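Here's the structure, in structure tokens; my notes come after.
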Amino acid sequence: MDPRSEVLLRQAELFEGELLLAGLPADDLLGVLPQAHGWSWHAGDQTQLAARFAGRSHFDTQMPKGDYRAAVLFLPKSRELTDYLLQALASRLTGRPLYLVGEKRGGIERAAKQLAVYGKPRKLDSARHCQLWSVQIEQAPATPDLDALAQVYSLQLADGPLQVVSLPGVFAHGRLDRGSALLLEHLDNLPQGHLLDFGCGAGVIGATLKRRYPSSHVSLLDVDAFALASSRLTLARNGLEAELIAGTGIESAPGELAAIVSNPPFHQGVHTHYQASENLLTQAARHLREGGELRLVANSFLKYPPLIEHHLGPCRTLAEADGFRIYSARR
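Take this note's numbering: the last position of the sequence shown gets the number 359, and nothing is skipped along the way.
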């Protein structure tokens, strides 16, 4: 059981009846709270929850419909995303409690101050390196407009400006990160055919690929519903069409790809998490056609070339700058 769930269950009498668990972990909490429902924006967690608790967890950027007697938010990493989620939950809880639970090192004490907009926050428990807070929603706020919270910025690329739209919680929200900036400079001479932007975020790479290779089918894959919504907005803003895939990792990708292009993530929440990136390197060959290419950007300190060469083929370094390297290998 996730330690945050354990803290909730120390106060189990508070969480009986119709309850919404927002951002819940993929543990047995829904089993212990049989009348609770889940709201997830993480495709990996949602896949596990749907398999074990069919019909009881909702994957989306919008709060699921329902008349809930209370709601719990499992603290996300982003402050902006926390603001959106708290407002979304509070908008449906007039006269009812809203709870916030999270790890101390994840900033739960700071985040608890965000509850003050809705009432006087109270700390209910502290255990398992986590804290549980609550607030009574006396006056529900308006339902937040997620699209209105988007940040838009323009990139001046060789083939013209690209408008990028990012939503709260998405990697490098409102800006272009250094790794993606370097990768954008090295997207020439990719094989023709089906192209995949793995870990698409706000869709910077995927949109650029579609514009540069208009005859290619382009797919954008991410684990996060807010990232996919951002990518959809970025594509639409630039008049582009591509396929969006909610996936747990490279295992969710199509086969017979001409190229996989990626700025792969290695952080999940407050933790360093390499599994998705390492799975990409070890399993890319299964999704690439013969002659297909894996091209990615990574921090220079990450020892990716040996993994790439063991599982795919000779690894070339195409560029290096600002602590990042561009790697390329063909099946």
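Glycine included, each C-beta is placed from N, C-alpha and C at the ideal position. Source: prediction; values computed, not measured.
About 14 Å separates the beta carbon of ASN291 from that of VAL251, a gap too long to meet the 8 Å contact definition.
Put simply, the backbone Cα of LYS93 is about 11 Å away from that of LEU117. Using a 10 angstroms sphere on the CB of ASP73, the tally of other CB atoms reaches 16 or more, which defines it as buried. By the neighbour-count criterion, in which a residue is buried when 16 or more other Cβ atoms sit within 10 angstroms of its Cβ, ALA155 is exposed. Contact annotation: the segment 260-279 does not touch the segment 197-216, with fewer than three C-beta pairs closer than 8 Å. MET29 counts as exposed, since fewer than 16 other beta carbons sit within 10 angstroms of its beta carbon. With at least 16 other beta carbons inside 10 angstroms of its own, ALA178 counts as buried. For GLU318, the closest C-alpha among the options GLY51, CYS343, PRO293 and ARG358 is that of ARG358. In the DSSP assignment, GLU131 falls within the beta strand (DSSP E) that extends over 124-131.
With respect to ASP187, ARG138 sits apart: the two C-beta atoms are not nearer than 9 Å. Runs of beta strand (DSSP E) with 3 or more residues, each lying fully within the segment 163-250, are found at 179-185, 188-194, 223-226 and 246-250, listed in chain order. Counting along the chain, the unbroken alpha helix (DSSP H) around GLU137 starts and ends at 136-140. Between the segment 56-64 and the segment 231-246, the count of Cβ pairs shorter than 8 Å is below three; the stretches do not touch. The three-state secondary structure of ALA304, taken from DSSP, is helix. Taking C-alpha positions only, PRO172 is separated from ALA99 by approximately 16 Å. Look at SER33 here: in three-state DSSP terms it is helix. Relative to HIS339, the option among GLN303, SER85 and THR310 whose CA is nearest is THR310. In summary, VAL129 is buried, with 16 or more beta-carbon neighbours lying within 10 Å of its beta-carbon over all protein chains present. Separation of GLU348 and LEU174 (C-alpha to C-alpha, rounded to the nearest whole angstrom) is 37 Å. Rounded to the nearest whole angstrom, the C-alpha separation of TYR96 and ALA140 is 21 Å. Rounded to the nearest whole angstrom, the CA to CA distance from ALA176 to ALA264 is 15 Å. Around GLY147, the same chain offers VAL163, GLN164, ILE165 and GLU166 as residues with beta carbons nearer than 7 Å, after the five sequence neighbours per side are excluded.
For ARG344, the enclosing beta strand (DSSP E) covers residues 344-349.
Short of 7 Å from the beta carbon of GLU306, and not among the five residues preceding or following it, lie these beta carbons of its own chain, in chain order: LEU335.
For ASP88, the three-state secondary structure derived from DSSP is coil. Note on ARG150: under 16 other CB atoms within 10 angstroms of its CB, so exposed under the neighbour-count rule. Ranked by Cα distance from LYS105, the first of GLY51, THR345 and GLN90 is GLY51. In this structure, ALA168 lies near LEU121, with their beta-carbon atoms less than 9 Å apart. Per the C-alpha coordinates, the member of PRO333, ARG323 and LEU210 positioned closest to PRO219 is ARG323. Per DSSP, the continuous beta strand (DSSP E) segment holding ILE288 begins and ends at 285-290. Counting of Cβ neighbours within 10 angstroms places VAL180 among the exposed residues, the total staying below 16.
By alpha-carbon distance to GLY202, the top candidate from HIS222, LEU215, VAL232 and ALA253 is VAL232. With respect to the C-alpha of LEU308, the residue from ALA286, TYR332 and SER247 having the closest C-alpha is TYR332.
In this structure, DSSP gives ALA357 an extended state, which the three-state scheme calls strand. In terms of Cβ geometry, LEU237 and LEU223 form a close pair [threshold 9 Å].
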